[in-house]
Each structure stands twice: as C-alpha cells, then as structure tokens.
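Protein chains in written order, with the numbering used here: chain G, 113 to 293; chain D, 502 to 692.
In structure tokens:
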C-alpha cells in the first residue's frame, strides 16, 4: 500500500490464487481496466488444478483501491487476491552471460528441485522461468537459466548430473539461442 | 565465349544475384511491431516492374547491413508487398542453401517434418519465441527482374527462414505462431 496517498506508486503486483472457474481473468482484468490500470506483464497457469495468476499493472491508483475493486472476486471464499506496490525494474537488455534450458525428469521424490537448482545457484546462475509438473509418478522440471560469462558450464553439468544421479533422475542442460530471422 | 558458364547448370535461384537487378539498393529503416504494416497481408507484386526491382535491391542492401540478419520481408521496411530476401549461407545452422535471393509472391507448395526452435526477429526486438516450422519445404515464387517462376526445395534452417519471411508477407509475426502461452520470452542479448 502506498504510504503517501498524494503520490501513489504506479506499479502494482496483483496475485489471484484459488479454485479455478471460467471467467476469473475476465472479471479481474475488467475491474483493473475500470480503474484505468494498464496490464504490463502477466502469467497465469493451473497448478495442480488451482488457478494461479500474477500480473503487474501500472497506473496512479493506490493498492488499497485495487484491493477493494477486486474484492468481489473473493466473495465466495475460494479465491485469494493480494495487491502490492512494486518498484519499476527495467528488464536488463544486455546480459554478459549465456542462456540455457535445464530439464530434469524422473520418479517423484522430495528434494529434486532444491538439489538441482542449488547447483545452478552455486555458480551464480539465475533462473528466469521455471515450470515443474507432477504427472502420475513422473516429476518434470524445466527451467530457463542465465549463466554468468565466467561460469564453468562443463563443471556445472557434472554437478547437476551428480545431483540428478543421487536422486535417481535424469538431467539435461542445453544452450538456448534464438535464431535471428 | 569459349566456356559455358557454370551457373547455367545451377538452380536458377542459386545462380541469382542482386547484381542481376541492375540497380543500387538503398538501406531502409526496419519497422517494428506494433506497426500496422507488419500485421497486414502484403499485396501481390509484379516482379518485373521497376518498383519491384528497386524494392528487391533495397531489401538485399538492408539485410546486408543488419548484423546477423538472414532474411528481410517487404513489410519490415514498411512496404505492404509479397516480397522478401533470404541469405542463410553464413549461418552455422545452415545445411543446404541457395545463396542470396529474392522471391516475389511466394507460397508454400509442400511442407513436412515440423521442428520447434526459438526465433527472434528485427521487427520484434524485445522478444523471442518457440515456433514449430516444417524442416522440409517446397516453395514457389517469382524472381524479381525476370519474373521467372521458380520452385525451391530446401530443409533445415533455410526452410525455417523462408517460412518466417513468407509469414511476414502474409501479415504474420513469429508471435502469431508461438508454440504456447509460455513460449514467448524476453529478449536476452548476450555480449
């Protein structure tokens, strides 16, 4: 919530979590539009069947006002909405590293994500996108990773491989580069 | 002339060069989305008209000065027309290729073996995206200047580039073909 009502911050992170049903996005974005807020980035998916959306919107509206406008969404008690003011963080346009995709899959057990991404964190790798899924007994992790320019990729691959072997899962780290067309 | 030029046995597209156009290409500004021209179906062109010949030369000249650029379509220089140039000969992912060429009114005749890869585009500089495209491709079009109808059979990276450029001529960007809701990424430029 803005501390100075006269100068509300302009960027807000809104999360909506809970029981899925048709129309949640339409209702939430409709109410934000009525406040004159502009949706900048958003991401929504179903996590184990639960609706999970985060969006960043901009406009000179106080967080409390946004919360009040979205309150009807939470009326039946199955959805939770949070609104937080966030600083404007411009995405870095230049990275001095390289882009990679990490894929891990195998039998489900506790600790797969932490063990594998721990190796990435140790070399200063930054995860920029992550999806994990549990489908039956199969556990799957896919992560987009930025590695620093001086990262020893071969050593990281070995460390990830060792962690994966210890967990009885398979892991692949591959370079990802967009083809300029 | 005592010797038969080797080019006569080459595919007419591979034998083509921008020198055949006989005009100097100009370097044009590349337009960026959300320019309306990028979302507009291009007009078919008369490949023999002076305007088409000049546009063909301009496309090649603009592609040449754009680092890493392997293709450029007329809508990307603000012209709503079905014309593009391609040159993947220097790209590391290239298998077979037909050198530098320009096609007018091109269409896909046959395609198979879809493969997914991440694409970027000069007209959408801040995003990349995973796109499925045929890796075996036959394209038919006309060469600028002569208007000769040609058919190209190609594969791999040249096939992807051709489909990307033909899409531009139809008012489509790679984001229109994104492999899914989470298949578009913020651009990362690695130095």
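Every residue gets a Cβ at the ideal spot worked out from N, C-alpha and C, and that includes glycine.
- Within the same chain, 218, 219 come within 7 Å of residue 280 of chain G by CB-CB distance, once the 5 residues on both sides are set aside.
- Taking the Cα of residue 162 of chain G as reference, the smallest distance to any Cα among G/124, G/131, G/270, G/195 is reached at G/131.
- Excluding the 5 residues flanking it on each side, residue 260 of chain G has same chain C-beta neighbours closer than 6 Å at 209, 236, in chain order.
- Take the alpha-carbon of residue 143 of chain G and the one of residue 525 of chain D: they are about 55 Å apart.
- For residue 678 of chain D, there are no neighbours in chain G by C-beta distance under 7 Å, as the nearest C-beta there is about 12 Å away.
- Contact residues of the stretch 637 to 664 of chain D toward chain G are 658, 661, 662 (C-beta to C-beta distance below 8 Å).
- The C-alpha of residue 171 of chain G is placed about 10 Å away from the C-alpha of residue 152 of chain G.
- Three or more beta-carbon pairs separated by less than 8 Å are not found between the stretch 587 to 602 of chain D and the stretch 536 to 556 of chain D, which leaves the two stretches without contact.
- Judged by pairs of C-beta atoms under 8 Å, the stretch 668 to 687 of chain D does not touch the stretch 644 to 656 of chain D, as fewer than three such pairs exist.
- At a cut-off of 8 Å, the C-beta of residue 527 of chain D has no neighbouring C-beta in chain G.
- The C-beta of residue 591 of chain D comes no closer than 8 Å to any C-beta of chain G.
- No Cβ of chain D is located within less than 8 Å of the beta carbon of residue 161 of chain G.
- Within the stretch 157 to 226 of chain G, the complete beta strand (DSSP E) segments of 3 residues or longer fall at 162 to 170, 191 to 197, 209 to 219, listed in chain order.
- Neighbours of residue 621 of chain D in chain G, taken as residues whose beta carbon is under 8 Å from its own, are 290, 291, 292, 293 in chain order.
- At a cut-off of 8 Å, the C-beta of residue 575 of chain D has no neighbouring C-beta in chain G.
- Ranking G/164, G/241, G/156, G/232 by CA distance to the CA of residue 271 of chain G puts G/232 first.
- The three-state reading of DSSP puts residue 640 of chain D in strand, counting E and B together.
- Assignment of residue 283 of chain G by DSSP, reduced to helix, strand and coil, places it in the strand class.
- Excluding the 5 residues flanking it on each side, residue 136 of chain G has same chain C-beta neighbours closer than 6 Å at 163, in chain order.
- Within the same chain, and ignoring the five residues on either side of residue 561 of chain D in sequence, the residues whose Cβ sits closer than 6 Å to its Cβ are 519, 526, 586.
- For residue 248 of chain G, no CB of chain D lies under 8 Å from its own CB, so it is not counted at the interface with that chain.
- Scanning the stretch 502 to 583 of chain D from its first residue to its last, the whole beta strand (DSSP E) runs of 3-plus residues come out as 572 to 574.
- Counting only runs of at least 4 residues, the stretch 606 to 676 of chain D fully encloses the following alpha helix (DSSP H) elements, listed from N- to C-terminal order: 657 to 670.
- Beyond the five residues adjoining it in sequence on each side, residue 173 of chain G comes within less than 8 Å, by CB distance, of 120, 124, 147, 148, 149 in the same chain, given in chain order.
- Across the structure, residue 537 of chain D and residue 576 of chain D are spaced so that their CA atoms are roughly 9 Å apart.
- Not flagged as an interface residue toward chain D: residue 152 of chain G, since no C-beta distance is shorter than 8 Å.
- Taking all protein chains shown into account, residue 275 of chain G has 16 or more neighbouring C-beta atoms within 10 Å of its C-beta and is therefore buried.
- Residue 667 of chain D counts as buried, since no fewer than 16 other beta carbons sit within 10 angstroms of its beta carbon.
- Cβ proximity to chain D below 9 Å picks out 256, 258, 261 from the stretch 251 to 264 of chain G.
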